[in-house]
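Enquirer: For the sequence shown, the working numbering begins at 722 and goes up steadily by one.
The following block contains the structure, expressed as structure tokens.
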Amino acid sequence: MFDWKQDPHRRLNPLTGEWVLVSPHRTQRPWQGQVEESARAPQPEYDPSCYLCPGNERAGGARNPRYTSTFVFDNDFAALRPDTPPDRFDQDGILVAQGEPGICRVVCFSPRHDLTIAHMEPADLRRVVDTWAGQYRELGARESIRYVQIFENRGAMMGCSNAHPHCQIWSNSHLPNEVSKEQASQLAWREARARCLICDYAALEAARRERLVEENASWMVVVPFWAVWPFETMVMPRRHVAAIDALNDAERNGLADILKRLIARYDRLFAAPFPYSMGFHQSPTDGEAHPEWHLHLHFHPPLLRSATVRKFLVGYELLAAPQRDLTPEAAAERLRSA
Ligand SMILES: [Zn+2]
Ligand SMILES: [Zn+2]
Ligand SMILES: [Zn+2]
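Next up, the structure:
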């Protein structure tokens, strides 16, 4: 049996059916733990040039109300439009295309330009959770919307051009690729074992604890066994819940608590605001029951060794399979001690 702290091996992601190559022998050189002073100006509470701040004009010409809490609006430069004809084009099964109706929205977490999730009050963060749940339900209730993707890009490194804390919601008619893979895997697991894949996974991680990063009464955070990004995490409710609108009061407060703690932990790791893409995966909104679905979030932060050294998916990873050096167990250990 190989030693997964030493020997090159590959690990299966049972949610996608894909493999990641792990090369732990390449991290035998000592951990630098270097903390760099990143070039970041402290953000003001209000920025007159920010198109998300209350009362300001947006790039599309609309003006934001003087909002005092969480604020939702339709994206001015939306990737999807609700009135798109859903026709399909198919030439010999080679040139295949389909009209994709959808709606894209932006959610400002609060009126404060400088207030990231790690620094929000729990009650304000709870309003964000309720907004996510409300948007999931409202958009999902539309005939043409079968999936609601809630996600946040944080930091210039992730291509986020506006520092005002906000997330996006893209909702559309077809299951996106990643969701489609997870849907198939969760369904197959349920059909084969009459259990839930993520309930089984969460139970295993709760027992082993080596990849556990944070937990509270209703949620846990792990570096997944199959993580691709160095400090990737997965956030799971302990109860089997298919979607965010089914979370009860305590679980919604629990989600606000765990997100605040996780992001503060990320920020401490390299003593810098940690860039990431994060988002929910949950039940499609196609009108069917989806008992196989277990709500969860993924955090995909790009940083590798410091606030300025990022991991790129290039070469072998673009053409063959993702690869990592630092093991998920070692990454969890570093996050726990941050
Ligand atoms: Zn702003
Ligand atoms: Zn479950
Ligand atoms: Zn997922």
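For every residue, glycine included, the Cβ atom is placed at its ideal position computed from N, Cα and C.
For Leu-1034, which of Trp-950, Glu-899 and Arg-982 has the nearest alpha-carbon?
Expert: The residue with the shortest Cα to Cα distance from Leu-1034 is Trp-950.
Enquirer: Just curious, the beta strand (DSSP E) that Thr-852 is in, first and last residue?
Expert: From DSSP, Thr-852 is part of no beta strand (DSSP E) but of the alpha helix (DSSP H) over 843 to 861.
Enquirer: So who's on the other strand from His-730, going by DSSP bridges?
Expert: Val-743
Enquirer: Please confirm whether Arg-1026 has its beta-carbon closer than 8 Å to some beta-carbon of chain B.
Expert: No chain B is present in this structure, which holds just one protein chain.
Enquirer: Quick one: what does DSSP say Val-828 is sitting in, helix, strand or coil?
Expert: Per DSSP, reduced to three states, the secondary structure at Val-828 is strand.
Enquirer: Are Arg-932 and Phe-952 touching if we call contact CB-CB under 8 Å?
Expert: no
Enquirer: Using the DSSP secondary-structure output, state which residues sit across from Phe-792 in a beta bridge.
Expert: According to DSSP, Phe-792 bridges with Cys-829.
Enquirer: With a cut-off of 8 Å on the beta carbons, I'd call Ser-894 and Arg-858 a contact; round off their distance for me.
Expert: Not confirmed; about 17 Å, so no contact.
Enquirer: Please name the residue or residues paired with Val-942 in a DSSP beta bridge.
Expert: Glu-935 and Val-956
Enquirer: Quick one, what's near ligand 1 if you take every residue whose CB is closer than 6 Å to any heavy atom, in chain order?
Expert: Residues flagged by the Cβ proximity filter: Asp-768, Cys-771, Leu-773, Cys-774, His-834 and His-885.
Enquirer: According to DSSP, is Asp-811 helix, strand or coil?
Expert: strand
Enquirer: For Val-944 versus Ala-1042, is the C-beta spacing smaller than 8 Å?
Expert: no
Enquirer: By Cβ distance below 7 Å, which residues in the same chain neighbour Ala-923 in space, the five residues on each side in sequence not counted?
Expert: Met-941, Met-957 and Arg-959
Enquirer: Could you round the C-beta distance between Pro-1023 and Met-878 to whole angstroms and report it? I think they count as a contact, below 8 Å.
Expert: 6 Å
Enquirer: Apart from the five residues on each side of it in sequence, which residues of its chain come closer than 7 Å, Cβ to Cβ, to Ala-783?
Expert: Asp-797
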